[in-house]
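K.L.:
Submitted below is the structure of interest, expressed as structure tokens.
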Amino acid sequence: MGNLLMYEALGRRFRTRHPDLAERLQVPQSPTPHLSVPLNGGRSVVLAQMRFAKPYDYTPVWAVVGPKVSEPPRIWYGTTDMDVLVDALHARAVAELESEEEQTPWRWDEPAIGEIVALADDLATHGADVLMAVAQNRCRAVEADRGTKAEYFGSDQGDFVVVQGLGCLIRVSRKPLSGWSASVRADGGGVWQPLDLGGLLFGEPSVVPGVEPDRVDRAKLAELIADLVRLPRVVTGEDRALSRDGLPEQRSQATDRPARSVLVEGAARELARRGFADVVPDDTCSRLESGTFHIEWWNRSKSMGLGDVQRLYGAAAVQGRRLMVLSESSATKPACAFADQAKAFIFTVDPEGRGLHSCNDLAREVILDKSSWSPA
-5 MGNLLMYEAL GRRFRTRHPD LAERLQVPQS PTPHLSVPLN GGRSVVLAQM RFAKPYDYTP
55 VWAVVGPKVS EPPRIWYGTT DMDVLVDALH ARAVAELESE EEQTPWRWDE PAIGEIVALA
115 DDLATHGADV LMAVAQNRCR AVEADRGTKA EYFGSDQGDF VVVQGLGCLI RVSRKPLSGW
175 SASVRADGGG VWQPLDLGGL LFGEPSVVPG VEPDRVDRAK LAELIADLVR LPRVVTGEDR
235 ALSRDGLPEQ RSQATDRPAR SVLVEGAARE LARRGFADVV PDDTCSRLES GTFHIEWWNR
295 SKSMGLGDVQ RLYGAAAVQG RRLMVLSESS ATKPACAFAD QAKAFIFTVD PEGRGLHSCN
355 DLAREVILDK SSWSPA
């Protein structure tokens, strides 16, 4: 009964907001309740709540489906406002009835025009194949290892667009703390490799991941990405890390070196892959050096507290540098919150030198996430 009342309320809202299609709208109650806008030729556009097939059947979402049932659903998170849902259904039906392209922002499954939607429009104008634009609506249908599923993208991934390249996907993100960034991944899945977006835009290699939003001209960014999608290969942070003079390959392969040296060099390589271009080991590989960051290695057993981070931040400020902490233990929530405000990075270091892990939100934004999903 609750479902029936909900769909009846949606139907009333649709007819109130969109009187042009009020006569077409149907609210069938069987076999399951849904909203339907019949089109010409016996086709329809449907709004309904659904779950994906097993093993991804645990997340109920709203879906706009049709008129081709073979196409993936256009999904919205389960708590999406009723007005947004009926507007999305209306925009899809109007586009089909008038045989024209769906209007922005609904063509990107977004409720409002923001920076990401505008960038997606610019990229489409340049002829790029935009597969996905994610901003206010954080839920999308994606192809995973075992079929299609609903994927919810957290705030640490920022607002982003995904564009099809030559055998790869290119993602352009605007993140809350680190600003604009770009990354590339093979079509079949794997680790997203960061691009030096600052270097590509301004001609000078960046030493910190991300570009401040006020430095980026959206039109130039769209033109750059439209050029990148046509290249057979894009140079990544991984390429730059492997070719850097300070990290010769044969040195990292030695087996008789001190554990500390291996750990420091491994951290330097991981940081270079993430876009920290001027972080290098010293001559003895006992510590890291940088012209941009004051780097502290926290090797105590207890977690870093707020006072610890504030003290380290003061030491970095005296040198006119930003703070980076590599910790062998965790940090408290107040410490991480202060680090985010101070634009400081806190990473935890794998004791066996197998990688770095993010501790605060700013560090989490530059993590190299591994995924196998593709836009549905």
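Heads up, the sequence shown is in the working numbering, so the first residue is -5 and it goes up one at a time.
Glycine included, every Cβ here is placed at the ideal spot set by N, Cα and C.
Is it true that the CB of residue 113 sits closer than 8 Å to the CB of residue 396?
P.N.:
Nothing about residue 396 can be reported from this structure: the residues present for the chain run from -5 to 370 only.
K.L.:
Express the C-alpha separation of residue 131 and residue 180 in angstroms, rounding to a whole number.
P.N.:
25 Å
K.L.:
What is the C-beta distance between residue 168 and residue 152, in whole angstroms, given that I count them as a contact (C-beta under 8 Å)?
P.N.:
5 Å
K.L.:
To the nearest angstrom, how far is the alpha carbon of residue 209 from that of residue 18?
P.N.:
48 Å
K.L.:
In this structure, how does DSSP classify residue 261 when only helix, strand and coil are distinguished?
P.N.:
Correct three-state label for residue 261: helix.
K.L.:
Can you tell me whether residue 26 is buried or exposed, with buried defined as 16 or more other CB within 10 angstroms of its CB?
P.N.:
exposed
K.L.:
So within the region 22 to 106, which uninterrupted beta strand (DSSP E) runs reach at least 3 residues, ignoring any that extend past its ends?
P.N.:
DSSP runs (the beta strand (DSSP E)) wholly in the region 22 to 106: 29 to 32, 38 to 44, 55 to 59, 68 to 70.
K.L.:
Between the alpha carbons of residue 308 and residue 334, how many angstroms are there, rounded?
P.N.:
C-alpha separation (whole angstroms): 15 Å.
K.L.:
Around the Cβ of residue -3, are there at least 16 other Cβ atoms within 10 angstroms (buried) or fewer (exposed)?
P.N.:
Per the 10 Å Cβ criterion, exposed.
K.L.:
Does the beta carbon of residue 267 come closer than 8 Å to any beta carbon on chain C?
P.N.:
The chain labelled as chain C is not found in the depicted structure, where only one protein chain is given.
K.L.:
Classify residue 313 as helix, strand or coil using the three-state DSSP reduction.
P.N.:
coil
K.L.:
Exposed or buried, what is residue 103 when buried is set at 16 or more other beta-carbons lying within 10 Å of its beta-carbon?
P.N.:
buried
K.L.:
Suppose you measure from the CA of residue 361 to the CA of residue 268; what does that come to, to the nearest Å?
P.N.:
7 Å
K.L.:
Helix, strand or coil for residue 340, going by three-state DSSP, please let me know.
P.N.:
strand
K.L.:
Under a three-way DSSP split, which group does residue 8 fall into?
P.N.:
helix
K.L.:
Which residues in the same chain as residue 8 place their Cβ atom closer than 6 Å to its Cβ, once the five residues preceding and following it in sequence are excluded?
P.N.:
19, 80
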